[in-house]
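Asker: Questions regarding the structure given below will be posed in turn.
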Amino acid sequence: MLKESTYWYLFLLAGLFILVLLSIHMTIMHLDQLLVAIGIGSGDVLKFQSVLARGRQSFFMVSYIILLGAALYHGLYGLRTILFELNLKKGLQTAITAVLLIGGLGIFVYGTYVAIAAKMM
Amino acid sequence: MEQKNKFNNRLGIWGWLSGGRYGLERYAYSLHRLCGLGILAYFLLHIFVTGSRIDGQGSWDSAMSSVEGIIFKIGEFLVFFAFAYHGLNGIRLILTEFGVFLGKPKRADFPYKQSTLRQRPVLLVVMVLAAILTIVGGWDFFIAN
């Protein structure tokens, strides 16, 4: 168990990782026509072959896994903070922490499996 | 426990609706949290929808066709806006956390200058940058695509 302030600083650090990686992801996936307009995009980002090609690159696999972990931690810790501000009883707080931790780890394992499986396709 | 009761959050999440004497920054806080929750909900769904890619093209195309249509497009655009705002405002909050833009502590002499007001220009810059990103995103989502 770490100090609560350590979890808080990890939350901020995860936010910075997300800012960098999700900015790249959002630009590639959602500003695709802007990239085409400036001559560095294909415009077919959602086609299966494009998805497959990105998933096979080590850079994308690693960045997906880091983004997944950082976003799950940041998002679920943020949700926990909001819920705890409602002055819940200690037992309920423990239950919420357990559900978010187990759920988050489960989703992280699934997402990591997908990223690795996509690399090998 | 005494401290918990002393600062009892009796308004709960309804307190997000009113800035009260905290003003603009309180609404920025509410919007930050609302955007965060929206991004989290989208992100959890997104993991499972995009996970379909490892089951082959048929599964991927089926997943993509299930999230087509104007409602989903508007939803994705809202997520784009939420990320732009949450990310930029998050930078402001991290800087504020470490005391940047708040000025050095000093004796309060009249006319009082609150630390909130010292960092308010940064909030305005955040709003303007989020608006610019939202306009660029809107062009990409609804006009260029």
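Chains D and U supply the protein sequences, listed in that same order. Numbering follows the working numbering, in which position 118 of the first sequence is assigned residue number 118; successive positions increment by one, without gaps. Numbering follows the working numbering, in which position 141 of the second sequence is assigned residue number 141; successive positions increment by one, without gaps. Using N, Cα and C, we set each Cβ at its ideal position, and we do this for glycine too.
(1) Mind checking U:W60: buried by the 16 CB within 10 Å criterion, or exposed?
(2) Decide if the region 76–85 of chain U is in contact with the region 20–30 of chain D; the criterion is three or more beta carbon pairs, one per stretch, under 8 Å apart.
(3) Looking only at its own chain, which residues have a Cβ that is under 7 Å from the Cβ of U:Q119, when we skip the five neighbours before and after it?
(4) Output, in chain order, the set of chain D residues within a Cβ distance shorter than 8 Å of U:L40.
(5) Output the boundary residues of the alpha helix (DSSP H) element that contains U:W60.
(6) Name the chain U residues that come within less than 7 Å of D:L46, Cβ to Cβ?
(7) Would you mind telling me which residues of chain D sit closer than 7 Å to U:R53, beta carbon to beta carbon, in chain order?
(8) If we cut at 8 Å on Cβ distances, does D:G91 have a partner in chain U?
(9) Please list, in chain order, all residues of the same chain as D:Y77 whose beta carbon is under 7 Å from its beta carbon, the five residues on each side excluded.
(10) Quick one: list the residues of chain U neighbouring D:Y110, beta-carbon separation under 9 Å, in chain order.
(11) Could you check whether the Cβ of D:V114 sits closer than 8 Å to any Cβ belonging to chain U?
(12) Assuming D:L68 and D:F108 make a contact with CB atoms under 8 Å, what is their CB distance in whole Å?
(13) Leaving out five residues before and five after U:S115 in sequence, what residues of the same chain have Cβ atoms less than 6 Å from its Cβ?
(14) Is it buried or exposed, U:N89, if we count other Cβ atoms within 10 angstroms and call 16 or more buried?
(15) Give the residues from the region 57–86 of chain U that approach chain D closer than 8 Å (Cβ to any Cβ), ordered along the chain.
(16) According to DSSP, is U:P111 part of a helix, a strand, or is it coil?
(17) For D:G15, I'd like the list of residues in its chain whose CB is within less than 7 Å of its CB, leaving aside the five on either flank, ordered along the chain.
(18) Is there a C-beta anywhere in chain U that falls below 8 Å from the one on D:A14?
(19) Quick one: what's got a C-beta closer than 8 Å to U:I47's C-beta in the same chain, skipping five residues either side?
(20) What are the boundary residues of the alpha helix (DSSP H) that includes D:W8?
(21) Thinking just about the alpha-carbon of each residue, which of U:Y29, U:W16, U:A84 is nearest to the one in U:V128?
Answerer: In short, the structure shows the following:
(1) What you label residue 60 of chain U is simply residue 60 of the second sequence in a count that begins at 1. The residue in question, U:W60, is buried, as its Cβ has 16 or more Cβ neighbours within 10 Å.
(2) yes
(3) Sequence index remark: in the second sequence, residue 119 of chain U carries index 119 (1-based). Taken in chain order, the residues that qualify are T96, F101, L102.
(4) Here residue 40 of chain U corresponds to residue number 40 of the second sequence, with the count starting at 1. Those are G75, L76, G78, L79, listed as they occur along chain D.
(5) As a working mapping, residue 60 of chain U is identified with position 60 in the second sequence. Note, U:W60: alpha helix (DSSP H), 57–66.
(6) In the first sequence, residue 46 of chain D corresponds to position 46, counting from 1. The contacting residues are M64.
(7) What you label residue 53 of chain U is simply residue 53 of the second sequence in a count that begins at 1. Per Cβ cutoff of 7 Å: V51, G55, A118.
(8) Within the first sequence, numbered from 1, the residue matching residue 91 of chain D stands at position 91. Chain U, which has no Cβ nearer than 8 Å to the Cβ of D:G91, makes this no.
(9) Locating residue 77 of chain D in the first sequence gives position 77, where the first residue counts as 1. Once the five neighbours on either side are set aside, the close Cβ partners of D:Y77 are Y7, F11.
(10) Position 110 of the first sequence, counted from the start, is the residue given in the question as residue 110 of chain D. Per Cβ cutoff of 9 Å: I47, F48, G51.
(11) Within the first sequence, residue 114 of chain D is the residue found at index 114, counting from 1. So yes, D:V114 belongs to the interface.
(12) Along the first sequence, read from residue 1 onward, the residue named residue 68 of chain D stands at position 68. Along the first sequence, read from residue 1 onward, the residue named residue 108 of chain D stands at position 108. 6 Å between Cβ atoms; contact.
(13) What you label residue 115 of chain U is simply residue 115 of the second sequence in a count that begins at 1. Closer than 6 Å at Cβ, skipping near neighbours: L102.
(14) If you number the second sequence from 1, residue 89 of chain U lands on position 89. U:N89 is buried by the Cβ-count criterion.
(15) Those would be Q57, W60, D61, M64, E76, F80, F83, in chain order.
(16) By 1-based counting over the second sequence, the position of residue 111 of chain U is 111. Reduced to three states, the DSSP call for U:P111 is coil.
(17) By one-based count along the first sequence, residue 15 of chain D stands at place 15. Excluding sequence neighbours, D:G15 sits near H74.
(18) Numbered from its first residue, the first sequence carries residue 14 of chain D at position 14. So no, D:A14 is outside the interface.
(19) By one-based count along the second sequence, residue 47 of chain U stands at place 47. Once the five neighbours on either side are set aside, U:I47 has no close Cβ partner at all.
(20) Looking up residue 8 of chain D in the first sequence gives position 8. Residues 4–30.
(21) Taking the first residue of the second sequence as position 1, residue 128 of chain U is located at position 128. The shortest Cα separation from U:V128 among U:Y29, U:W16, U:A84 belongs to U:A84.
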